[in-house]
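Report on one structure; see the data block that follows.
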Amino acid sequence: SLSGALSGALRKLTKAGVVDESLIKELVKDIQKALLLSDVNVKLVFELSKNIESRAMEEKLPKGVSRKEHIIKIVYEELSKFMGSDTKKEHLPDKKGKVVLMIGIQGSGKTTTTGKLARFYQKRGFKVGVVGADTWRPGAFEQLKQFCAENNIPVFGDPKEKDSIKLAREGVKFFKEKVSDIILVDTAGRHREEKGLIDEMKEISNTINPDEVTLVIDGTIGQQAFVQAEGFANATNVGSIIVTKLDGSAKGGGALSAAAATGAPIKFIGTGERIDSIEPFDPKRFVSRLLG
Amino acid sequence: KKITEKDLDKILEDFELSLLESDVSLKVSEKIVNELKKKLTGEKIGLTSNKKDFVKIAVEETLTEILEFKKYDVFKEIEKKRKAGEIFSIAFVGFNGTGKTTSIAKFGKLLLDKGYKVVIAASDTFRAGSIEQLSLHAENIGIKVIKHNYGADPAAVAFDAISHAKARGIDVVLIDTAGRSEMNRNLMDEMKKLVRVANPDMKIFVGDSLAGNAVAEQAEKFSDIGLDGSILTKVDADSRGGAALSISYITGKPILFIGTGQGYDDLEPFDPKWLVERILP
Ligand SMILES: Nc1nc2c(ncn2[C@@H]2O[C@H](COP(=O)(O)OP(=O)(O)OP(=O)(O)O)[C@@H](O)[C@H]2O)c(=O)[nH]1
Ligand SMILES: Nc1nc2c(ncn2[C@@H]2O[C@H](COP(=O)(O)OP(=O)(O)OP(=O)(O)O)[C@@H](O)[C@H]2O)c(=O)[nH]1
Ligand SMILES: [Mg+2]
Ligand SMILES: [Mg+2]
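So the sequence lines, in the order shown, correspond to chains A and B. Each residue of the first sequence is one higher than the last, beginning at 132 in the numbering used here. Each residue of the second sequence is one higher than the last, beginning at 10 in the numbering used here.
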């Protein structure tokens, strides 16, 4: 297996007393493979491996640190440059009536994640309101309502309303009047080629003026992650990213590109279909998964 | 003159990069390149021929071979059974959110347009709103849905729909199933059970064209039920489409259709040439 090859190369390096250039090159090749398998952008992988290799060759080994630990540290530092922060935070609402707009490509997990996020905050004592502003997908409101029902999370929506801007505005108003701590607004899936839908998203954002726009990105996304995220970043100010479906075989390397394209930090990850299958983003764990 | 391994290394390295950037999985990209290297090393190439073009033609042939492998006309198969007075059932399976439910609606409409009688089985009895979503789609195109309650046995719903079809002279049964992770043993077993009980004539894998290496793992694990073909969705998101190559290579079965949007008419027959041109610079 690849992780076997990677740890094998690392073991050889640990045994070597001095900087063995060929061993480092071999290790960098294995790191490249691991990152490609994890869907990190191809150009980024080669850029990263050049930096990792030159740092590994040139940097003096810090006191009390093994060669292997040093290289892992370098890899981690290079990857962390894209992740916004290197510590796990819980990202709790910092004001009353905080409005969060959930956007993303079709099927990425927005509706499910909206419910998960609502439950996450509810468990921590916050008063949450959910607005179903997807007027396109058949049964969208029903899905959100059913998913939130067993935790008594209030969901505002109207399957008969075709105007998503009106629905979003009324939903936010409804929960602001109820003095909710946090208001999550679910929207229809869309991608950068659908100009009409991108314009709709801009209009929703301009109307409800969210405190945060969260891009929900499918953990399985491949090499298109950067350009797709860029499409969203060009249309609206993306404030955070949530990477879903990391319970599959995908390692989520595309999320790095999304973070790079939007300049936004990854705040949560989705790890399953249940309402509690969400965790605050842990950069260290994420990188170790990327490396296999 | 003959083409050497050294010539090939540099040229194939560039081709492998374009495969990877087109979302062909790493494992499949490496296999394709290795096969090409074996095939082309020592091959005679005309004195005036350009080595790069020579390899490019070989790459195009190899990719086309993979994509055209076991190609067949699904409507021919359906028609055979209809003439024999038998119903034709198709189960749609795949990872979460890839477009199974929407593809069933599109395919159902396609069948209606061709004059077939169709019924749909709501065998996703798990996900919130799945039955309502499917029922609304079916209502829009004018197809009956056989559904039970949430939590019902998916295999029982499929079996029920097939019995209904047999009794009512329905030609085709389309079975919608829940999205599932290839890493979830229980859900993969549940799918195997549905296939055992309902014994569909076809099992179609629905894959997201925006997905990367995970699609190779999905194709491998979902192949355990014996897939007959695949549908690749969200191609309108300007995906490069390399996932088609990974899926075809791993399953040994063709891509039958591509999803090109969210409307009922956004399902097109897959054209290998179109994809090869997209992948190769
Ligand atoms: N395995 C897994 N499935 C997930 C996860 N998050 C969401 N899903 C599933 O992915 C599928 C799509 O989720 P939705 O919430 O409907 O996605 P969406 O972005 O709202 O889709 P659209 O509204 O159509 O754009 C559903 O089957 C969810 O249960 C996750 O973290 N892991
Ligand atoms: N742009 C585009 N969107 C698509 C395409 N196919 C499906 N979708 C959208 O993708 C989202 C998910 O589609 P579904 O049909 O619910 O996917 P699914 O596989 O049934 O999802 P689960 O049952 O939750 O696993 C919906 O918003 C669809 O409209 C396509 O070809 N192009
Ligand atoms: Mg949704
Ligand atoms: Mg579905």
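The C-beta atom is built at its ideal place from N, Cα and C for all residues, glycine as well.
| query | result |
| --- | --- |
| Looking at C-alpha atoms only, which residue of A:S239, A:S211, A:L346, A:V231 is the closest neighbour of A360 of chain A? | A:L346 |
| Mind listing which residues have their beta carbon within less than 5 Å of any non-hydrogen atom of ligand 4? Chain order is fine. | B:K109, B:T110 |
| Three-state secondary structure (DSSP) at G190 of chain A? | Correcting the residue identity first, residue 190 of chain A is Glu in this sequence and not Gly. E190 of chain A: coil per DSSP, three-state reduction. |
| Candidates B:E277, B:Y258, B:T260, B:G160: which alpha carbon is nearest I267 of chain B's? | B:E277 |
| Quick one, are the C-beta atoms of D169 of chain B and I179 of chain B less than 9 Å apart? | no |
| Below 8 Å on the Cβ atoms is my contact criterion, and I expect Q355 of chain A with D32 of chain B to pass it. Report the Cβ-Cβ distance as a whole number of Å. | 7 Å |
| For M233 of chain A, write down the residues that DSSP places opposite it in a beta bridge. | A:D317, A:T345 |
| Mind checking whether the beta-carbon of A319 of chain A lies closer than 8 Å to any heavy atom of ligand 3? | yes |
| Measuring only between beta-carbons, confirm whether E184 of chain A sits less than 9 Å from chain B. | no |
| I'd like to know whether the C-beta of F399 of chain A is nearer than 9 Å to at least one C-beta of chain B. | no |
| Please compile the residues from chain B whose C-beta is within a distance smaller than 7 Å of the C-beta of I352 of chain A. | L219, A220, G221 |
| Buried or exposed for M73 of chain A, please, with buried defined as at least 16 other CB atoms from any protein chain shown within 10 angstroms of its CB. | Residue 73 of chain A lies beyond the range of chain A shown here (132 to 423); nothing can be said about it. |
| Can you check the region 253 to 327 of chain A for any alpha helix (DSSP H) of at least 4 residues that lies completely inside it and give the ranges in chain order? | 271 to 280, 295 to 308 |
| So, using beta-carbon positions, are L120 of chain B and I96 of chain B closer together than 9 Å? | no |
| Mapping the DSSP letters down to three states, classify M211 of chain B as helix, strand or coil. | strand |
| For the region 239 to 258 of chain A and the region 289 to 297 of chain A, state whether three or more C-beta atom pairs, one from each stretch, are separated by less than 8 Å. | no |
| Helix, strand or coil: how does DSSP classify F266 of chain B here? | strand |
| Alpha carbons only, please: which of B:E77, B:K65, B:D237 is nearest the one belonging to F279 of chain B? | B:E77 |
| Compare the C-alpha of E39 of chain B against each of B:F24, B:E52, B:L49 and name the closest. | B:F24 |
| Using a C-beta to C-beta distance shorter than 8 Å, which residues of chain B count as neighbours of T349 of chain A? | Before going on, a small fix: residue 349 of chain A reads as Asp here, not Thr. Within 8 Å Cβ-Cβ: G106, D217, L219, A220. |
| With DSSP run on the structure shown, which of helix, strand or coil describes S132 of chain A? | Because S132 of chain A sits at a pLDDT of 40, beneath the cut-off of 50, its placement in the model cannot be relied upon, and the following sentence gives the value as read from the coordinates. Of the three classes helix, strand and coil, the one that applies to S132 of chain A here is coil, per DSSP. |
| Against chain A, with Cβ distances strictly below 9 Å, would A131 of chain B count as a contact? | no |
| With a threshold of 6 Å on Cβ separation, who are the neighbours of S132 of chain A within its own chain once the five nearest residues in sequence on each side are excluded? | Because the pLDDT of S132 of chain A is 40, which lies under 50, any placement of that residue in the model is unreliable, and the number read from its coordinates should be weighed accordingly. So the list is empty, once near-sequence residues are dropped. |
| Taking the alpha helix (DSSP H) that P163 of chain B falls in, what are its first and last residues? | 163 to 177 |
| With DSSP collapsed to three states, give me the class of V33 of chain B. | coil |
| Which term fits E141 of chain B, buried or exposed, when burial requires 16 or more other beta carbons within 10 angstroms of its beta carbon? | buried |
| Using only the heavy atoms of ligand 3, determine whether one of them is closer than 8 Å to the beta carbon of Q271 of chain B. | no |
| I need the boundaries of the beta strand (DSSP E) containing V303 of chain B, first residue and last residue. | This structure cannot speak to residue 303 of chain B, because chain B is shown only from 10 to 290. |
| For ligand 1, any of its heavy atoms closer than 8 Å to the Cβ of I352 of chain A? | no |
| Cβ atoms of V374 of chain A and G353 of chain A: under 9 Å apart, would you say? | no |
| Output, in chain order, the set of chain B residues within a Cβ distance shorter than 9 Å of G379 of chain A. | F104, N105, S190, E191, M192, N193, A223, E226, Q227 |
| So, are the CB atoms of K229 of chain A and I314 of chain A less than 9 Å apart? | yes |
| Any heavy atom of ligand 1 closer than 8 Å to the beta-carbon of T375 of chain A? | yes |
| Does G383 of chain A come out as helix, strand or coil in the three-state DSSP assignment? | coil |
| Return the CA-CA distance between K212 of chain A and N59 of chain B, expressed in angstroms with no decimal places. | 43 Å |
| Could you pull the DSSP bridge partners for G216 of chain B from this structure? | B:L241 |
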